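Novice: Sequential numbering of the sequence shown, starting at 927, is according to our numbering. Where a beta carbon is used, it is the ideal one built from N, C-alpha and C, also for glycine. Please read all numbers here as calculations on a predicted model, not as lab measurements.
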Amino acid sequence: MKGLSAVSAQQEAQILINSRKKVQGILIGFLAIGFILLQVFPGEVVNLFVSMISLAVIIWVLPGIRGSTLIISVFLLISAVFLMIYHHVPALEWFKSIRINITLVAIFLVVPLLGIPVKTGGYVESLKIVLYKKMNEPYFFYFGTTFLTHILGVVLNIGSVSIVNQLTSASNIKAPRLVANAINRGFITTIFWSPYFSAMALVLSQLPIKWTSIVMYSIGLAVIGLLVSLLLDRKQILASKPVGAERAIDWDEAKHTHAKKKVTELFVYLIVITAAVLLLEFLTGYSIVLMICFVSIIFPFLWCFFSKKRIHYVNEFKDHIFIGIPRMKKEIVLFLIAGFFSGAFVHADLSNLLISFIQHTFGPFHLGISFFLASIVFITALVGIHPIVVVTIYVTSLTPELIGLSPEYFAILLLASWGITNTVAPATAVNNLLANLLKVDLFELSIRWNIKYVIIMLIIIPLYLELMGV
């Protein structure tokens, strides 16, 4: 009887935990709905609603966070509250500050829905079939892994990391460093230009620029980043050899032809959703971030509906709300608190002090300013502070023209600095996921394997921007 009671108690506890996660997922999901309402029906009532939801999420989620994210979040929150109180900031400004990163949060919440057709459409298995014959060639293995992560990451965000890691299992090349670097750098260079990333959402929401005005420069920088990665890992690529005999498979021409069609269909999907976002932005005049939210919510449903995958869509949607979103709660709270802190930073007039320091120290020396701003992101990332914290402070408190930079130059600098320093930041979700998937030490994967790459790229970025005359 005692054993049955213990089992029953455990089951009840698990049911309670699952129920809390479901409610938590719904509550956090309301942040995305709040952002859409702010864009379509702006007003004080909606502002207050979004602020209260944001506050509720912080209060509920923060006590359950552990590790460095908790320490950083609590430090930023206490510092922000102290600055707000000390400078007698009105309550309305408190509520406004807590909404600063709501755009970023909305993108973070809804974009994973774009991955539902990829998961349900059999595209991953088709990619394995198409790539099978080439996956034991070291250069193709490295470049293919990097390129696939980059392309899939445009839409799937961090979901591309797990998918591409599955694809690498089709190869007999078993080199954790090679896999980690190929996936990591393919992913982080996507941050430079993808409109579906939270970094881009933050920059576009705070600076007077359009995505189309920076995308080509950013793609060019991404290409450079991928080439530098390839050159730095050349020795490891040449030294890597397939382990064990190549697995024999029964070649089925019809199956291979079908797989190629599915892969083509996947790339069509990626192109169509990006084109849909740009077309809707042009036709409606609303922000590209809002159009991404609409496309992320509506387009996967339509795709699955016409592909007769409706049941799969419903199941994946539920999993995202009740499982996926609660898994992202640490990042969501950090984003909200970072925005709140940046608001306090501005109201404390620290932004003017920073601008004055930059003006007096560097004057019109653009390269010096760029290296200084990027190095701060780099150093703080090394000590465990997520790039979102520093970049949010920069984009909300610095007026680029006052420090001699164009808005486009400033935007690309921030996006590239965020992306590049992601590789050495132990606090980022990508590094933690890769360390777990590949069973390697987190600090070795993030810092030791990437420090040289990051330093070289942080030198190249300002030089590239100057050369391109952005």
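State buried or exposed for SER945, treating a residue as buried only when at least 16 other CB atoms are found within 10 Å of its CB.
Specialist: Answer is exposed; the Cβ neighbour count stays below 16.
Novice: By a C-beta neighbour count over all protein chains shown, 10 Å radius and 16 as the cutoff for buried, is LYS1255 buried or exposed?
Specialist: When all chains shown are included, LYS1255 counts as buried.
Novice: Locate the alpha helix (DSSP H) running through GLN1236, then write down its first and last residues.
Specialist: According to the sequence displayed, residue 1236 carries Arg and not Gln. 1236-1245 is the span of the alpha helix (DSSP H), which, as asked, contains ARG1236.
Novice: What is the rounded straight-line gap between the Cα of ILE1089 and the Cα of LEU1152?
Specialist: Going from the Cα of ILE1089 to the Cα of LEU1152 covers about 19 Å.
Novice: VAL1087 and ILE1109 - do their beta-carbons sit closer together than 8 Å?
Specialist: Yes, the pair counts as a contact, with Cβ atoms nearer than the cut-off.
Novice: Report buried or exposed for GLU1334, applying the criterion of at least 16 other Cβ atoms within 10 angstroms of its Cβ.
Specialist: By the neighbour-count rule (16 or more Cβ atoms within 10 Å), GLU1334 is buried.
Novice: I'd like the list of long-range same chain contacts for PHE1227, defined as Cβ closer than 7 Å, with 5 residues on each side in sequence excluded.
Specialist: Once the five neighbours on either side are set aside, the close Cβ partners of PHE1227 are TYR1239.
Novice: Comparing alpha-carbon positions, which option in VAL1259, LYS1187, ILE1218 lies nearest ILE985?
Specialist: If we check each option's Cα against that of ILE985, VAL1259 comes out closest.
Novice: Enumerate in chain order the residues of its own chain whose CB-to-CB distance from ARG1236 is below 7 Å, with the five nearest sequence positions on each side excluded.
Specialist: Correct list, in chain order: CYS1230.
Novice: Determine the extent of the alpha helix (DSSP H) in which TRP1229 is found, giving its start and end residues.
Specialist: Run containing TRP1229: 1214-1232, per the alpha helix (DSSP H) assignment.
Novice: Please check the pair ILE1214 and PRO1121, which I expect to be a contact at CB under 8 Å, by giving their CB distance rounded to whole angstroms.
Specialist: Sure, about 6 Å apart at Cβ, within 8 Å.
Novice: So PRO1168 packs on ASN1098, CB below 8 Å; how close in whole Å?
Specialist: 4 Å between Cβ atoms; contact.
Novice: Got a sec, what are the start and stop residues for the alpha helix (DSSP H) ILE1249 sits in?
Specialist: Unbroken run through ILE1249: none, as it is neither H nor E.
Novice: Cα separation between ILE1117 and GLN936?
Specialist: Approximately 42 Å between the Cα atoms of the pair.
Novice: Where does LYS1167 fall in DSSP's three states?
Specialist: It is coil, neither helix nor strand.
Novice: Do ALA1185 and VAL1056 count as a contact pair if the criterion is CB distance below 8 Å?
Specialist: Yes, the pair counts as a contact, with Cβ atoms nearer than the cut-off.
Novice: Taking the alpha-carbon positions, what's the GLN1092 to GLU1063 distance?
Specialist: Each residue's Cα considered, the two are about 17 Å apart.
Novice: Can you tell me where the alpha helix (DSSP H) holding VAL1087 begins and where it ends?
Specialist: Note, VAL1087: alpha helix (DSSP H), 1085-1094.
Novice: Among GLU1051, LEU1104, GLY1041, ALA1096, which residue has its Cα nearest to the Cα of TYR1065?
Specialist: Per the Cα distances, LEU1104.
Novice: When the distance is taken between beta carbons, is ILE1251 closer than 8 Å to LEU1002?
Specialist: No, these two residues do not count as a Cβ contact at 8 Å.
Novice: For PRO1043, is the classification buried or exposed, using 16 other Cβ atoms within 10 angstroms of its Cβ as the cut-off for buried?
Specialist: It counts as buried.
Novice: Return the residue from the list LEU1328, LYS1136, ALA1106 that minimises the CA-CA distance to LEU1363.
Specialist: Measuring from the Cα of LEU1363, the nearest candidate turns out to be ALA1106.
Novice: Measure the alpha-carbon distance for MET1383 versus ALA1355 and round it to whole angstroms.
Specialist: Whole-angstrom Cα-Cα distance: 21 Å.
Novice: What number of angstroms, rounded off, separates the C-alpha of ILE1140 from the C-alpha of LEU1368?
Specialist: Computed Cα separation, rounded: 33 Å.
Novice: If we ignore side chains and look at the alpha-carbon of each, how far apart do ILE1385 and LYS1365 end up?
Specialist: Each residue's alpha carbon lies about 31 Å from the other.
Novice: Excluding the 5 residues preceding and the 5 following GLY1070 in the sequence, name in chain order all residues of the same chain whose CB lies nearer than 8 Å to its CB.
Specialist: Within the same chain, GLY1070 has close Cβ partners LEU1057, LYS1060, MET1061.
Novice: Given a threshold of 16 other Cβ atoms within 10 Å of its Cβ, counted over all protein chains shown, does SER1372 qualify as buried or as exposed?
Specialist: That one is buried.
Novice: Round the Cβ separation of PHE1248 and LYS948 to the nearest angstrom and send it over; I've been treating them as touching at under 8 Å.
Specialist: Right, their Cβ atoms sit about 5 Å apart.
Novice: The alpha helix (DSSP H) with ASN1357 in it runs from where to where?
Specialist: Run containing ASN1357: 1355-1364, per the alpha helix (DSSP H) assignment.
Novice: If you measure between the beta carbons of LEU1030 and ALA1270, is that distance less than 8 Å?
Specialist: The answer is no: Cβ separation not under 8 Å.
Novice: Of the residues LYS1100, PHE961, GLY1112, which one's Cα is nearest the Cα of SER980?
Specialist: It is PHE961 whose Cα lies nearest to the Cα of SER980.
Novice: Under 8 Å by Cβ, that's how I've got LEU1324 and LEU1276 pegged, so tell me the actual separation to the nearest angstrom.
Specialist: Incorrect: roughly 11 Å between the Cβ atoms, too far for contact.
Novice: May I have the straight-line CA-CA distance separating THR1318 from MET1126, to the nearest angstrom?
Specialist: So the alpha carbons of these two residues sit roughly 11 Å apart.
Novice: Taking the alpha-carbon positions, what's the GLU1207 to MET1217 distance?
Specialist: If you take the alpha carbons of GLU1207 and MET1217, they lie about 6 Å apart.
Novice: Taking the alpha-carbon of ILE1338 as reference, which of LEU1133, THR1075, ILE954 has the nearest alpha-carbon?
Specialist: The shortest C-alpha separation from ILE1338 is found at LEU1133.
Novice: Taking C-alpha atoms, which residue in PHE1021, ILE943, PHE956, PHE1113 lies nearest to ASN973?
Specialist: Of PHE1021, ILE943, PHE956, PHE1113, the residue nearest in Cα terms is PHE1021.
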